[in-house]
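Worksheet for the structure shown next.
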Amino acid sequence: MKKLLIVLMVLLGGIISAFALSARSEEMLVAGPFEDVVSAIKQGDVNSLSRYLDNNVEINISGKANAYSKAQAEIILKDFFSKNQVKSFELVHQGGEASKFGIGNLSTSGGNYRLSFFLQKKGGSMVLNELRFENK
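Counting from 1, position 117 in the sequence shown corresponds to residue 116 in numbering that gives the first Met the number 0; the numbering is continuous, with no gaps.
Here's what the structure looks like:
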């Protein structure tokens, strides 16, 4: 009888652990704005990136910086990524809580860049308000 009780307790503990782990893994699978931006950069996907663009976006490409409307920023980014096919993007550093930033190494057909981007909380969502592409 004791052996049966021990086996049942072990099985019950295993089932509870399995549910807890599956709940945590589902939380990890839910991507947020930061992860979506990283994924879009890795693919050179301006359409996905543009979902997060703020109404005004500062873009700095190789020292040429300017503030652009969302529509202008899309054109600038499409031009950049059409001339620079993404080979890889490695996120090196990230941080922030209310606002988030990412810094990584972008390898493209047109050269290598250190890419920094900044997401800011605006209303109930996160918006991308700055991108910097610095030659390496």
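Beta carbons: idealized from backbone N, C-alpha and C, even for Gly. All of these numbers come straight from a predicted model, not from anything done at the bench.
Return the chain-ordered list of same chain residues with a C-beta closer than 8 Å to the C-beta of K135, the five sequence neighbours on each side being excluded.
N104, G110, N111, Y112, R113
Output the boundary residues of the alpha helix (DSSP H) element that contains N46.
45 to 49
What's the call for A72, buried or exposed, on a 16-neighbour Cβ count within 10 Å?
buried
Would you report the Cα separation of L118 and E129, rounded to the nearest angstrom?
7 Å
Throw me the rounded Cβ distance for the A70 and N55 pair, which I believe falls under 8 Å.
Rounded, the Cβ-Cβ distance is 11 Å, inconsistent with contact.
Per-residue burial, K86 [other beta carbons within 10 Å of its own, 16 or more giving buried]
exposed
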